[in-house]
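A short worksheet on the structure shown next.
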Amino acid sequence: MGCHESSELNQKTDDNALREYKLAVQTQMHFNEILMKFRAFGIAVVIGVYSYAITRKDLGISLAGGLSSTQLLAYAGMILTGVLALIDLGYFFRLLLGAVARSTALEEKILYRLTSTISSHVSKWQSYILISIFYGVIALGGFCLANFVQPIEPGQPQKVAIDGPIEVKIKSIDNQIHNSKR
Numbered sequence: 105m106g107c108h109e110s111s112e113l114n115q116k117t118d119d120n121a122l123r124e125y126k127l128a129v130q131t132q133m134h135f136n137e138i139l140m141k142f143r144a145f146g147i148a149v150v151i152g153v154y155s156y157a158i159t160r161k162d163l164g165i166s167l168a169g170g171l172s173s174t175q176l177l178a179y180a181g182m183i184l185t186g187v188l189a190l191i192d193l194g195y196f197f198r199l200l201l202g203a204v205a206r207s208t209a210l211e212e213k214i215l216y217r218l219t220s221t222i223s224s225h226v227s228k229w230q231s232y233i234l235i236s237i238f239y240g241v242i243a244l245g246g247f248c249l250a251n252f253v254q255p256i257e258p259g260q261p262q263k264v265a266i267d268g269p270i271e272v273k274i275k276s277i278d279n280q281i282h283n284s285k286r
């Protein structure tokens, strides 16, 4: 093999490495986009479950331990949050990390350092911790909902403790003002 043939082979190897690098970076972007859509969809569903839990009156569900329907739905939202976190961290995030690892390995063969530069600023463990906090806050919302929030039953008087006199003006359907002092 002559010097010219060796140079052509090196050029082809560099071109192939560059093409593979571009594909690996596109794959990173694709996995990142999937993750963002997955998280957005998951949060919307969990918030929907939590919102439904707040607005539901008693569904007539009774479990051992006397859980209300609000608590049951809040716990369901917390479980869903845990499942989403497992799918995110256990599958999609690992796919992204694989694409990042491949891009970083290819950067040793080419002159680009995009992936390794970005990765040097945010470690894998920092990412895991931040994503875990993200899902933890959502689950904490469900925990607070299940343990500290009770839905307001329509038509039921609400008790409010107020010190001192209070004046209430209520406009009735026939637009008459009724005053009440307490």
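Under my numbering, residues 105 to 286 are what the sequence shown spells out, in order.
Even for Gly, the Cβ is constructed at its ideal location relative to N, Cα and C.
Every value quoted in this text rests on a predicted model; they were computed, and no experiment measured them.
Residue state for Glu211 is assigned as coil, using DSSP reduced to three classes. In this structure, Leu139 places its C-beta atom within 9 Å of the C-beta atom of Leu200. Residue range Ser173 to Ile191 is occupied by the alpha helix (DSSP H) that includes Leu188. Contact annotation, Gly246 with Gly181: C-beta distance approximately 4 Å; criterion of less than 8 Å satisfied.
Here Glu211 is near Thr219, since their CB atoms are less than 9 Å apart. In terms of Cβ geometry, Leu184 and Gly240 do not form a close pair [threshold 9 Å]. By the criterion of a C-beta distance shorter than 7 Å, Tyr156 is surrounded in its chain by Leu177, once the five residues flanking it on both sides are discounted. Around the beta-carbon of Leu188, 16 or more other beta-carbon atoms lie within 10 Å, marking it buried. Between Ser207 and Val150, the CB-CB gap reaches or exceeds 9 Å.
DSSP, reduced to helix, strand and coil, places Arg160 outside both helices and strands of the structure shown, so it counts as coil.
Residues of the same chain with a CB within less than 7 Å of the CB of His134, apart from the 5 flanking positions on each side, do not exist.
Of Thr221, Ser223 and Val204, the smallest CA-CA separation from Leu127 is found for Val204. Leu193 sits close to Ile235, with the two beta carbons spaced by under 9 Å.
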